[in-house]
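K.L.:
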Amino acid sequence: MIVQKKRLQSSIDFPDPRDAMIEGVLAVGGVLDEGTLYTAYSMGVFPWPHPDYPLMWFSPEKRGILEFTDFRVPRSFEKFLNRHKSEFEITIDKAFSQVIRECAHQPRPGQNGTWILPAMVKSYIDFHKAGYAHSVEIWHKRQLVGGIYGVFIKGVFSGESMFYKTPNASKLAFYHLIQLLQSWGIQWMDIQMITPVTESFGGKYIKREDFLEKLKKTQDENESTKFSWHC
11 MIVQKKRLQS
21 SIDFPDPRDA
31 MIEGVLAVGG
41 VLDEGTLYTA
51 YSMGVFPWPH
61 PDYPLMWFSP
71 EKRGILEFTD
81 FRVPRSFEKF
91 LNRHKSEFEI
101 TIDKAFSQVI
111 RECAHQPRPG
121 QNGTWILPAM
131 VKSYIDFHKA
141 GYAHSVEIWH
151 KRQLVGGIYG
161 VFIKGVFSGE
171 SMFYKTPNAS
181 KLAFYHLIQL
191 LQSWGIQWMD
201 IQMITPVTES
211 FGGKYIKRED
221 FLEKLKKTQD
231 ENESTKFSWH
241 C
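Residue numbers 11 to 241, in my numbering, belong to the letters of the sequence shown in order.
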């Protein structure tokens, strides 16, 4: 069981997330260390590195979330669950470094390269070791075929990326993550930006102000709650 209590030192003094500039850029600079990441996610801010540019931190005007009251299972994926779920093994935090590296190499339609740069991989592995970043892994015949990773602070999970090597494996990881969060009484998750997959499960955009209010309310409710990722 990991208890998240202490406040950590940030390498950058973040402005109010409401003061983000055009395209959601809030701040530039700093480093991807434990204290800076903790402070950023606690404020609803996330890094989005771009090759050949200084490190940028974002608080977009519209934020992707999934409210679990809106959660739905697409019909095609429901058929997959009924027919094939028993063929896969699902684990939590057993292969975080593998998951983030696979996400970095996952081809993305319409994108060249990845924002998950080597420095980001190292930083999030360290963040995972500190107890703030987590992964769900999908295995088939002892091979890692899918997964999702993200950051979890005071009852708020911020999904970062997912990958698959066999059809529906990333969806299975996403589905299992939602089931886990719901079992703890959590009512929503941050998905930052909407993709066709997250939209098919009920993801939507809300205004930044609404997101920040929801974030603060959830954090206050879970300030002293203990969550165990050793499932």
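Note that CB positions come from ideal geometry on N, CA and C, so glycine has one too.
As the structure is a computational prediction, the values presented were derived from the model and not from experiment.
Below 6 Å CB to CB, which residues in the same chain sit around Y159 once its five sequence neighbours on both sides are set aside?
P.N.:
V109, I110, S145 and E170.
K.L.:
Buried or exposed: where does P61 fall if 16 or more other Cβ atoms within 10 Å of its Cβ makes it buried?
P.N.:
Exposed is the call here.
K.L.:
Short of 6 Å in beta carbon distance, which residues of its chain neighbour W239, apart from the five on each side in sequence? Order them along the chain.
P.N.:
Taken in chain order, the residues that qualify are I102, D103 and H144.
K.L.:
Keeping to the same chain, check which residues put their C-beta closer than 7 Å to that of I201; ignore five residues upstream and five downstream.
P.N.:
Excluding residues within five positions, the ones whose Cβ falls inside 7 Å are G74, I75, L76, G169, T208 and G213.
K.L.:
Is the beta carbon of I1 sitting closer than 8 Å to the one on Y48?
P.N.:
The structure shown has nothing for residue 1, since the chain only spans 11 to 241.
K.L.:
Please classify E44: does DSSP put it in a helix, a strand, or coil?
P.N.:
Correct three-state label for E44: helix.
K.L.:
Is S180 near D43, with beta carbons less than 8 Å apart?
P.N.:
No; because the gap between Cβ atoms is not below 8 Å, this pair is not in contact.
K.L.:
Grab the span of the alpha helix (DSSP H) containing H94 for me, first residue to last.
P.N.:
Run containing H94: R85 to H94, per the alpha helix (DSSP H) assignment.
K.L.:
If you draw a straight line from the C-alpha of K72 to the C-alpha of L222, how long is it?
P.N.:
If you take the alpha carbons of K72 and L222, they lie about 11 Å apart.
K.L.:
Tell me, which residues are paired with G74 by DSSP?
P.N.:
Answer is Q202 and Y215.
K.L.:
Decide if the stretch 215 to 233 is in contact with the stretch 53 to 69; the criterion is three or more beta carbon pairs, one per stretch, under 8 Å apart.
P.N.:
In short, these stretches touch, since the Cβ pair count reaches three.
K.L.:
Measuring alpha carbon to alpha carbon, tell me which residue in W194, Y215 and F90 is nearest I204.
P.N.:
The shortest Cα separation from I204 among W194, Y215 and F90 belongs to Y215.
K.L.:
Rounding to the nearest angstrom, what Cα-Cα distance links F78 and Q189 in this structure?
P.N.:
Distance between the alpha carbons of F78 and Q189: 10 Å.
K.L.:
DSSP three-state call for I32: helix, strand or coil?
P.N.:
I32: helix per DSSP, three-state reduction.
K.L.:
Going by the beta-carbon positions, is the gap between F81 and F211 smaller than 8 Å?
P.N.:
Their beta carbons are under 8 Å apart, which means F81 touches F211 by this criterion.
K.L.:
Identify whether Y142 lies in helix, strand or coil by the three-state DSSP scheme.
P.N.:
Looking at Y142 - three-state DSSP - the assignment turns out to be coil, as it is neither helix nor strand.
K.L.:
Specify, as a first and last residue, the run of the alpha helix (DSSP H) that Q192 falls within.
P.N.:
Where Q192 is concerned, the enclosing alpha helix (DSSP H) stretches over A179 to S193.
K.L.:
Using beta carbons (cut-off 8 Å, strictly below), is G74 in contact with chain B?
P.N.:
Given the protein chain composition of this structure (a single chain), no chain B is represented.
K.L.:
Straight-line CA distance for M130 to L191?
P.N.:
Cα to Cα, the separation comes out at about 25 Å.
K.L.:
Under DSSP, the beta strand (DSSP E) around I163 begins and ends at which residues?
P.N.:
Unbroken beta strand (DSSP E) run through I163: Q153 to I163.
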